[in-house]
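For reference, the structure is listed below as structure tokens.
Residue numbers (UniProt numbering): 1 to 155.
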């Protein structure tokens, strides 16, 4: 039997260039809503600095009321970064209010990653605190609600 010779090919070590950080990412949660927030530093595609997108819609179309807009912008206003970034948020689960609060927490956490100097301002305004309150599960024999007791018959 003839043995086949194996060819040994030496590979040149490829150096990976460290990628420049294109965005800062953070996650915010509230009830069952989860928001993935990205703060882009440089303009990408059709978006320019100051643009805010939530689930592929403009942020103010997704959160239309005045109160929602003000609460949404609060972390950016406190950090004086309204026109500094392109904000992209993907939100899953929950209702509108839970989604809004998840987005606010995610924004605050992302801003903190940008500059730790913002941490103090955001912390003082309770924007970095995760609200852990979640709907209590319904128990068996409570007549449809979590803590309600069934009415007992009088006779």
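Glycine is no exception: its CB is placed at the ideal position from the N, C-alpha and C atoms.
Subject >> residue 98 in three-state terms, based on DSSP >> reply: Correct three-state label for residue 98: helix.
**OP:** Return the CA-CA distance between residue 145 and residue 155, expressed in angstroms with no decimal places.
**Re:** Computed Cα separation, rounded: 24 Å.
**OP:** Say whether the stretch 114 to 122 touches the stretch 91 to 104, bearing in mind that this needs 3 or more beta-carbon pairs closer than 8 Å, one atom from each stretch.
**Re:** Counting Cβ pairs under 8 Å, fewer than three are found: no touch.
**OP:** Throw me the rounded Cβ distance for the residue 35 and residue 89 pair, which I believe falls under 8 Å.
**Re:** That pair is a contact at about 6 Å.
Original post:
What are the start and end residues of the alpha helix (DSSP H) that includes residue 28?
Top reply: From DSSP, residue 28 is part of no alpha helix (DSSP H) but of the beta strand (DSSP E) over 23 to 30.
Subject >> For residue 51, the nearest candidate out of 81, 7, 137 and 138 (CA to CA) >> reply: Measuring from the Cα of residue 51, the nearest candidate turns out to be 81.
**OP:** Return yes when the Cβ of residue 106 is within less than 8 Å of the Cβ of residue 26, no when it is not.
**Re:** Cβ distance < 8 Å, so residue 26 and residue 106 count as in contact.
**OP:** Could you name the residues of the same chain whose beta carbon sits closer than 6 Å to that of residue 79, not counting the 5 residues immediately before and after it, in chain order?
**Re:** Taken in chain order, the residues that qualify are 111 and 118.
**OP:** Would you decide whether residue 134 is buried or exposed? Buried here means 16 or more other CB atoms lie within 10 Å of its CB.
**Re:** Of the other Cβ atoms in all chains shown, fewer than 16 fall within 10 Å of the Cβ of residue 134; this residue is therefore exposed.
**OP:** Can you tell me which of the three DSSP states residue 58 falls into?
**Re:** The DSSP-derived three-state label of residue 58 is strand.
Original post:
According to DSSP, is residue 33 helix, strand or coil?
Top reply: Of the three classes helix, strand and coil, the one that applies to residue 33 here is strand, per DSSP.
Original post:
Where does residue 38 fall in DSSP's three states?
Top reply: Residue 38: strand per DSSP, three-state reduction.
Original post:
Between the C-alpha atoms of residue 87 and residue 64, what's the straight-line distance to the nearest angstrom?
Top reply: Between residue 87 and residue 64, the C-alpha separation is close to 17 Å.
**OP:** Please classify residue 90: does DSSP put it in a helix, a strand, or coil?
**Re:** Assigned with DSSP and collapsed to three states, residue 90 falls in strand.
**OP:** Note down, in chain order, each residue of its chain lying with its Cβ closer than 6 Å to the Cβ of residue 76, except the 5 sequence neighbours on either side.
**Re:** Result list for residue 76: 82, in chain order.
**OP:** Using three-state DSSP, classify residue 114 as helix, strand or coil.
**Re:** The DSSP-derived three-state label of residue 114 is helix.
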